[in-house]
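Below is one structure, written out as structure tokens, with a few remarks after it.
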DNA sequence: GATGAATGAGTCTTCATTCAT
DNA sequence: TATGAATGAAGACTCATTCAT
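Residue numbers (the working numbering), protein chains in the order written: chain P, 405 to 639; chain Y, 405 to 639; chain G, 405 to 639; chain E, 405 to 639.
Printed below as a string of structure tokens:
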């Protein structure tokens, strides 16, 4: 019973902190860092402005806490996927799927992190880059695996691939999540990997262009020609 | 004499405006919109703070002017390329080449536009989106042309391609332009189009998945068939 | 058992109060009234901030308590000196000696009292002035005694003397106690009373000015007179 | 005429600055540094609060400006006195006279400087100490001159004398200037120098006390005795 | 007796923008 | 055209103090 009493106090504090954090996410998301007033966060959370500073050191401290929460969730999910899937390509698709879902929930705060990071040099930036490095590192590992696997060409640069993938996703998210309509993540993944894996070029084009360069096509044609001749002759 | 006076005045005004704009670009680029003070711009330009507001309506007005200048230059260059190149793929490469060079000069202000656009709903946003639409529209047109051409698969989505291309470029620019070392644009373009056109997958991998759809497989089948015939004959 | 509990509680409370008071002295001394935060006092004392207000009405209440303690100690010492010494001059020297020692221990809090008193009109000021009046009154009494005694000139103003003495001491304390090196109180007392009792002027200088009033001159005149007689006789 | 126009602008700024400074003196004097709000200063001066920060960098900047003004006036006056008076004692009296008059006008701000200096470690403290050193240095020089002169005893410590003089003056100022009644500076100077030059002791006391210690008296008595004997003998 | 949580009332300082000259 | 002066509207953050437990 005595324990319950004490817990009640702690519980109260925890609730306040959570409420403030939640309000902060909403308002930061909508208005950006500089556009958000701590007073508004407090009001939205139902507490006095000073209470914000009781639970968080700074306005920046709020962002830091939000960031930590977001990336913890993201990494937890990713690790589960990696632990339960073993094929590289499957992992890739599952991770992107998961990332897109998380991004769909929190793209506005990710956008917040990015904007802050661009014009700041302090702890916030470092934290953000650290989280990012950790997360995108998972993909690099998979890409390298797929190269070792001979699934991917060995002349493909893993970081280039990562940049293309995340660049594409970010671009997509910013462009599509803004709208009210829920985007079709499945289609996006399919299209993205279709190009990422097989390229945009059509067969006929390939034979004319790249295949000419790789020589495979020419050799095959030569073989066919030779075989045809042989055939005729033999006939 | 009266004319001269007026001309002199106009000239003087123009020079002030240009100086302020130039200073604004520098400081906005480095510190972002909210982080920049009009007083600092004025100081850097060598004019009084109030002179800034003599030539520009607003702090936002400065950004608008910068944006106009940037996109005018970008579009002018692009149009020259389009007028002097006729092959779709060549246009694509030339445009990206040009875009990267412009971006290398002004990526920090593009970043500025983007961050402002995210948390603003006014004229700045509209202008930015309008400029963007106009520019990326050029690419959409080319992509469509390449599809009509049968250079690109018909199941490829032009906007998806555009998103991938610009997403990749943006990601690359943000990641690489920050550093002092000048990045190798040629390598980047090569790698990017290599994947965009032909995909990341290796041949052996392709045989399992897409090769069935590509012509290589068919040719190999043909060869096998021919060989099979030979075999029979030889038997 | 019940009694023990209560005693224990009282004991506990007393200990907390003392700890807080002690911490308050340290921090107030170093940072002044406005520069000190109650939270810091609490932290230094090892208690929660709210506990400070359990034992003291106010931030000002802390100062009041410190003041009471300081002056109680000072007066107790002074009264012992007065009770055990009977010659006015000796009392004076002993009191100053004692005061300087106490001041050396607590000059920073005396300084605190003084600064607070200057910009406050409430209880703190009154208490401080009352304590001061009581203490310096001891000196006035001695000065008056020394005048009645004919030890001091009757045209000397007792309060003027008190002001000079305390002014000098305060000036000395503020100037010398700040440094780490322990000042030589003995030398200071000697020098101070030397000037206070006999003045700064040298004998030769005195002969021109005040010596006429002092006996030395008369005696020298007598000598001269006598010598003059001798001279005449010898002639 | 054109000049007048420009001057008008500058004049306006000067007037504002002066008004703010004047208001700041009043309010700082009454309420101390921490007790004063910049908003109140502005209100009293008839300007917006932000105008205060247009003319002064800081709240501290106000104090610094006030200090500069005060000490400039003080030093200017002192230097005139030193340039027009040549006898050390006269200089001393004239300087103290002048100092007291200045202090009577501005004792509250001097008190302000002192209180700030006690709990601050920044520029304000340094400036204050520097000004103080410069001013009291004038007195040290005079004291040394009077010692070289043999007007003062050579065993008198110049800095001790300075401390006593300024300690006394400060004590007097704080004690007497607070009251509405204008204090009699002439009487104070007379009394102070009377004790500082000749000491508090009466003649009879001197013969009994210090003279016994100094031995002068004894020697004179011995001479008298000897001469008396001689006289008797010779008679 | 002790305290964690909460807060109201500041407080200085910033900065884009206006305006008279 | 150019600007010095002036300001209103914030805006983040502080801190002594209260109170329920």
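Beta carbons are placed, not taken as given, at the ideal position from N, Cα and C, and that holds for glycine.
Quick check: residue i and residue j, are their CB atoms within less than 8 Å of each other?
i                      : j                      : result
residue 440 of chain E : residue 446 of chain E : no
residue 432 of chain G : residue 516 of chain G : yes
residue 572 of chain E : residue 438 of chain G : no
residue 555 of chain G : residue 493 of chain G : yes
residue 599 of chain E : residue 450 of chain G : no
residue 593 of chain Y : residue 500 of chain Y : yes
residue 577 of chain Y : residue 507 of chain Y : yes
Distance, Cα to Cα, residue i vs residue j?
i                      : j                      : result
residue 518 of chain Y : residue 430 of chain G : 54 Å
residue 475 of chain Y : residue 540 of chain Y : 12 Å
residue 523 of chain P : residue 435 of chain Y : 6 Å
residue 426 of chain Y : residue 512 of chain P : 32 Å
residue 443 of chain Y : residue 424 of chain E : 24 Å
residue 469 of chain G : residue 502 of chain G : 22 Å
residue 558 of chain G : residue 550 of chain G : 9 Å
residue 463 of chain G : residue 453 of chain G : 11 Å
residue 580 of chain E : residue 569 of chain E : 16 Å
residue 526 of chain Y : residue 584 of chain P : 20 Å
residue 413 of chain P : residue 466 of chain P : 22 Å
residue 504 of chain E : residue 520 of chain G : 24 Å
residue 530 of chain E : residue 471 of chain E : 12 Å
residue 416 of chain G : residue 586 of chain G : 37 Å
residue 562 of chain Y : residue 597 of chain P : 15 Å
Closer than 8 Å, CB to CB, is residue i near chain E or not?
i                      : result
residue 526 of chain G : no
residue 441 of chain G : no
residue 489 of chain G : no
residue 519 of chain G : yes
residue 523 of chain G : yes
Here's the rule I'm using: 16 or more other beta-carbon atoms within 10 Å means buried, otherwise exposed. How should residue i be labelled?
i                      : result
residue 605 of chain E : buried
residue 564 of chain P : buried
residue 575 of chain E : buried
residue 428 of chain Y : buried
residue 595 of chain E : buried
residue 552 of chain G : exposed
residue 590 of chain G : exposed
residue 616 of chain Y : Low confidence applies to residue 616 of chain Y: its pLDDT is 42, below 50, so where it sits in the model is not reliable, and the reading given next is rough at best. Exposed.
residue 510 of chain E : buried
residue 582 of chain Y : exposed
Indicate whether at least one CB of chain P lies closer than 8 Å to the CB of residue i.
i                      : result
residue 436 of chain Y : yes
residue 509 of chain Y : no
residue 567 of chain Y : yes
residue 603 of chain Y : yes
residue 575 of chain Y : yes
residue 588 of chain Y : no
residue 560 of chain Y : yes
Taking CB distances under 8 Å as the criterion, tell me whether residue i reaches chain G.
i                      : result
residue 497 of chain E : no
residue 418 of chain E : no
residue 464 of chain E : no
residue 501 of chain E : no
residue 614 of chain E : Confidence is the limiting factor: at residue 614 of chain E the pLDDT is only 45, short of 50, which leaves the residue's position unreliable and the question unanswerable from this model.
Quick check: is the beta carbon of residue i nearer than 8 Å to any beta carbon in chain Y?
i                      : result
residue 600 of chain P : yes
residue 531 of chain P : no
residue 584 of chain P : no
For the pair the stretch 457 to 465 of chain G and the stretch 419 to 430 of chain G, tell me if three or more CB-CB distances fall below 8 Å. yes
Inspect the CB distances between the stretch 475 to 492 of chain E and the stretch 528 to 548 of chain E and report whether three or more fall short of 8 Å. yes
Using 8 Å as the threshold, is the stretch 527 to 541 of chain E in touch with the stretch 464 to 480 of chain E, meaning 3 or more CB pairs across them? yes
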